[in-house]
Each structure stands twice: as C-alpha cells, then as structure tokens.
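K.L.:
The sequence shown begins at 6 in my numbering and counts up by one.
Beta carbons are placed, not taken as given, at the ideal position from N, Cα and C, and that holds for glycine.
Predicted, not measured: the structure shown is a model, and the values here were computed from it.
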Amino acid sequence: MHEFCYVGKKLFCEGVAIETLAEKYGTPLYVYSQGTLTRHFQELDGAMAPVEHRVCFAVKSNSNQSVLRTLANLGSGFDIVSGGELQRVIAAGGDARNCVFAGVGKTEAEIEFALRQGVYSFNAESEPELQRINRVAARLKKIAPVAVRVNPNVDAHTHAKITTGTYENKFGIALEHTEGVYARAAKLKHLRLRGLQMHIGSQLTAVAPFEQAVRKVVPLLEKLKVRHRLEFFSIGGGLGIVYQPALASGAAAWWQSAAGKKIMTPRIYAAQLLPLLQPLGLRILMEPGRFISGNSGLLVTRVEFVKRTGKKNFVIVDAAMNDLIRPAFYDAYHEIVPLTQKGGARISSDVVGPICESGDFFCKDRALPKVGEGDYLALLSAGAYGFVMASNYNTRSLAAEVLVNGQRAALVRERQPVAEIWSGEKVAPWL
Ligand SMILES: Cc1ncc(COP(=O)(O)O)c(C=O)c1O
C-alpha cells in the first residue's frame with residue numbers, strides 16, 4: 006500500500022489529496038499517515054514474535070497525542086525521557102506500566118511522578134541516579150524497578166550527534182563497570198533490579214553494530230540475569246529508515262530499498278538478532294522511534310518567492326529551521342517534492358526558510374522541478390524528530406499537524422496563535 010504517493014499529478018496521503026489539507030489548514034503543516042504508523046509498528050512487532058517482547062515506541066521522535074494513541078491502541082509500550090513525556094503518554098491513553106524511563110538527568114520530581122504512576126522500569130544511567138531513585142522510593146515506601154543502561158562501546162557508524170554507545174558519549178555505564186554497579190545496586194533496599202538496557206545510536210542502516218553490541222553484552226547478561234533474577238533485556242531503538250529518495254522506493258515499504266540501496270528491514274534485523282536473544286530466556290524490549298514515525302509524516306510548505314542571484318536559485322518557503330531543524334542540525338537529507346507535479350526541466354535550487362540564519366535551509370544545489378509563488382512542496386520522511394524539535398525562534402508559531410486515516414483527516418494540533426508565544430512573559434515592574 007502506498008501511504009504517500011501520486012494519484013494523477015497530486016500527492017496523496019492515503020486517500021486524501023495533501024493539497025486540500027494545505028488549503029484548509031494552512032502551511033507549514035505536518036501530515037501523518039495512520040496507516041504507515043500502524044504498518045511499521047506491526048512489521049517490527051511481527052518480526053520479533055518468536056520471542057516474548059514489547060515494542061516501546063520512543064516518544065521523543067513524535068509525541069503528538071494522536072500518534073501516541075494510535076500506537077497505544079496497537080499495544081505499544083513507550084520509551085519516555087521526561088516526566089512531561091510520561092504525562093503525554095497517560096493523557097493519550099497509554100499505560101505507565103508499559104513505559105520505560107530513560108535519560109541521564111532524571112529529577113527527583115520526575116522520579117517521584119513515575120514511581121507513583123508505576124512505570125515498568127527506570128533505565129538508570131549512573132550510580133548517583135540509582136541512589137537518587139532508591140532515596141525517592143524509600144521516601145514513598147515503594148520499590149522502584151530499575152535497569153542499568155550499559156554502554157557497550159560500539160561505534161554505530163551513524164551521525165556523530167546521534168551516536169550514543171561509545172565511551173565518548175554521556176550515556177550509560179561502561180560495560181566493564183556494569184557488573185560492579187549491579188552488585189552495589191542490589192544492596193539498595195528500595196530498588197528491584199529488573200533488567201538491562203542499551204541503546205547504541207540512531208539511524209543505523211545495518212544490523213552489524215546491533216549484533217556486535219548484543220554479542221558484547223550477552224556474557225555479562227548471562228551472569229546478571231541469574232545473580233539478580235533479571236526479567237528483561239532492552240536492545241534500545243536506532244533502526245534506520247530510507248530518507249533518500251523515499252517516494253521512488255514505492256509500495257511495499259520505504260525502508261526496504263530506495264534507488265537500489267538495500268537497508269535493514271525488520272525481518273533482517275530479527276533474523277540476525279533472534280538467535281542471540283532467544284537463548285537468554287528474557288523478555289526483549291525494543292525502543293524504536295524513527296523506524297515507526299519517520300516515514301509516516303511529511304512537512305508541507307508553500308513557496309513565497311523564488312530569488313535568483315548570480316550563482317544560485319533560491320526557493321524561499323514558509324517553513325524554516327524552527328519547524329524542521331534536521332538539515333541544519335544533522336546535515337540531514339529530506340526528499341522535497343511538489344504537491345502537484347508539473348513536469349518540465351529541473352533546476353538546481355536551494356530551498357530555504359525565512360529565518361535570519363544561513364543554516365536555515367532544507368537543501369542545497371538540488372535538481373528540483375521549477376516552482377513559483379504559491380506552489381506547495383512536501384519535505385518527506387519528517388515524521389520523526391520533526392515537529393518535536395520545533396521552536397519559536399524568530400517568534401514563529403509552531404506548525405499545525407494533521408492525521409490521515411484512509412479518506413479521513415483530522416487536525417491533531419492547531420497552529421499556535423502567535424500571541425501565545427509570549428503569553429508567559431512579563432514586563433519587569435520597574436520598566
Ligand atoms: C534510550 C533511547 N531509546 C530509543 C531511542 C530512539 O531512537 P530511534 O528513534 O533512532 O529509534 C533513543 C533516541 O535517542 C534513545 O535515546
């Protein structure tokens with residue numbers, strides 16, 4: 006099934022022409038396909054079926070309430086990284102008991118809230134954090150379920166800003182220190198050692214680094230699971246997706262092949278990891294974000310001006326780096342396509358936003374169809390780390406979001422009224 010594809014000359018999301026959404030709700034506009042979210046969740050869930058497991062969607066990748074509700078309805082758990090994300094999950098109808106709480110800097114208030122809500126596990130990243138969780142649990146007369154995030158020191162071969170599993174990174178506890186940490190944590194009376202967790206990075210397009218990390222961790226896990234009666238092993242998220250070019254890859258699944266490029270599928274991932282995981286006899290958790298939400302969304306923008314300089318053709322659009330920061334922040338590639346195909350020659354263009362930064366661009370020197378004022382463009386594969394990283398820089402409103410399901414479309418976030426941006430500010434009384 007094509008969830009984003011051209012029907013005639015118009016780009017559709019499932020059964021809805023995206024241009025009708027742009028006309029109705031304005032731009033910049035995020036559009037998500039419920040069908041794609043569902044299919045991606047089910048592909049991964051199905052591939053891991055031979056082992057007892059739970060997919061815990063990484064809320065940080067896309068935390069819109071309708072996205073979370075879609076996944077909660079499918080039986081997903083959630084990987085959260087703040088008290089705010091836990092509140093969101095609960096508000097969306099998710100169950101705290103299916104949440105794993107990650108992050109290097111959990112505050113006392115966040116730990117207390119999560120304990121009261123009954124999260125499945127705190128994935129602790131340091132000994133001071135374990136001590137803090139123990140202290141809060143003692144005060145509440147509770148036992149806190151914990152796992153330690155182990156850092157296996159494996160290079161994920163991804164962008165430096167999304168590599169998390171080497172000793173250069175702030176995350177987790179070094180593999181060789183982990184056994185000692187468990188031994189000391191076992192003496193803390195208000196902790197229950199429930200599992201072990203790892204997450205080596207994001208946008209991995211090969212299974213080899215996952216496999217390498219699991220192989221490194223398994224001998225330790227074999228010891229710990231017996232000694233501390235562990236129940237689960239979380240292998241984290243990080244499954245990569247195809248960004249380039251997404252539409253060309255067609256029907257079956259965007260991540261399967263694009264422009265001849267083979268990348269990891271859930272089936273390949275599972276086939277290589279299950280033989281290592283099954284003998285452990287533990288419950289396996291996964292924390293995918295991008296894999297489920299990334300290709301499920303796009304960002305629609307409108308062309309404001311086309312400006313030719315001596316050297317360049319600039320397409321100035323109404324979306325900017327505050328709406329989608331990935332190109333500026335990670336040098337990320339997003340395929341850019343028109344909502345209405347016109348044919349004709351392509352022209353080398355920079356697509357840029359109106360923000361006063363040279364980093365405010367979506368592509369540089371890319372052969373794109375000729376466009377003019379009022380035309381709509383879509384930035385594909387923007388469902389993960391898109392809206393969630395948006396800001397109000399340049400006092401620009403947060404974009405609206407729409408969810409599509411078949412022929413139906415619903416506004417799932419209203420465009421932010423501009424005055425709301427400064428509504429919490431006050432003029433100092435002496436001014
Ligand atoms: C602990 C943890 N789990 C899961 C994820 C999700 O990663 P991805 O979206 O690449 O699957 C992240 C991303 O930063 C993470 O830090």
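(1) Could you work out which residue in V109, Q412, V36, T32 is closest to N455 when comparing CA atoms only?
(2) Which ranges does the beta strand (DSSP E) cover as unbroken runs of at least 3 residues, wholly within the segment 268-330, from first to last along the chain?
(3) Which whole runs of the beta strand (DSSP E) in the segment 192-241 are 3 residues long or more, in chain order?
(4) Give the DSSP-derived three-state secondary structure of A395 in the structure shown.
(5) Check whether the Cβ atoms of L344 and Y381 sit closer than 7 Å, and answer yes or no.
(6) Excluding sequence positions up to five away, which residues of its chain have a Cβ less than 8 Å from the Cβ of C361?
(7) Taking all protein chains shown into account, decide if Q202 is buried (16 or more other Cβ within 10 angstroms of its Cβ) or exposed.
(8) Near Q208, which residues of its chain fall below 8 Å by C-beta distance, leaving aside the five closest residues on each side in sequence?
(9) In whole angstroms, give me the CA-to-CA distance for A149 and H45.
(10) On the DSSP bridge list, what partners appear for F366?
(11) Using only alpha-carbon positions, find the residue among E173, R234, K316, I426 that is nearest to G200.
(12) Am I right that L16 and V376 are in contact with their C-beta atoms under 8 Å? What's the rounded C-beta distance?
(13) Please list the terminal residues of the continuous beta strand (DSSP E) segment that includes V376.
(14) With a threshold of 16 other CB atoms inside 10 Å of the CB of G88, please say whether the residue is buried or exposed.
(15) Should Q351 be labelled buried (16 or more other beta-carbon atoms within 10 Å of its own) or exposed?
(16) From the DSSP output, read off the bridge partner residues of P133.
(17) Given this structure, state the Cα-to-Cα distance separating D50 from R59, to the nearest angstrom.
(18) Buried or exposed: S71, going by 16 or more other Cβ atoms within 10 Å of its Cβ?
(19) Please list, in chain order, all residues of the same chain as S131 whose beta carbon is under 8 Å from its beta carbon, the five residues on each side excluded.
(20) A63 and V159 - do their beta-carbons sit closer together than 7 Å?
(21) CA-CA distance, V322 and K111?
(22) E406 lies in the beta strand (DSSP E); which residues open and close that run?
P.N.:
Reading it off the structure:
(1) Since the displayed the chain opens at 6 and closes at 436, residue 455 lies outside it and no answer follows.
(2) DSSP runs (the beta strand (DSSP E)) wholly in the segment 268-330: 288-291, 302-313, 318-322.
(3) Here the runs fully enclosed are 196-202, 237-239.
(4) Coil.
(5) A contact, by the Cβ cut-off of 7 Å.
(6) Excluding residues within five positions, the ones whose Cβ falls inside 8 Å are N399.
(7) So Q202 counts as buried.
(8) Contacts found: T163, H164, I167, G243, G245, I246, R295.
(9) The alpha-carbon of A149 is positioned some 32 Å away from that of H45.
(10) DSSP output for F366 lists V357 as bridge partner(s).
(11) For the residues E173, R234, K316, I426, the minimum Cα distance to G200 belongs to R234.
(12) The distance from the Cβ of L16 to that of V376 is about 14 Å, inconsistent with a contact at the 8 Å cut-off.
(13) Here V376 belongs to no beta strand (DSSP E), and DSSP marks it neither H nor E.
(14) A residue is called buried when at least 16 other Cβ atoms come within 10 angstroms of its Cβ; G88 meets this threshold and is buried.
(15) This sequence places Arg at residue 351; Gln is not what is there. Counting C-beta atoms within 10 angstroms of its own C-beta, R351 has fewer than 16 neighbours from the protein chains shown and is therefore classed as exposed.
(16) Beta-bridge partners of P133 (DSSP): none assigned.
(17) Each residue's Cα considered, the two are about 8 Å apart.
(18) A residue is called buried once 16 or more other Cβ atoms fall within 10 Å of its Cβ, and S71 is buried on that count.
(19) Here the set comprises V109, I178.
(20) Taking 7 Å as the Cβ cut-off, V159 and A63 do not qualify as a contacting pair.
(21) If you take the alpha carbons of V322 and K111, they lie about 39 Å apart.
(22) Where E406 is concerned, the enclosing beta strand (DSSP E) stretches over 405-410.
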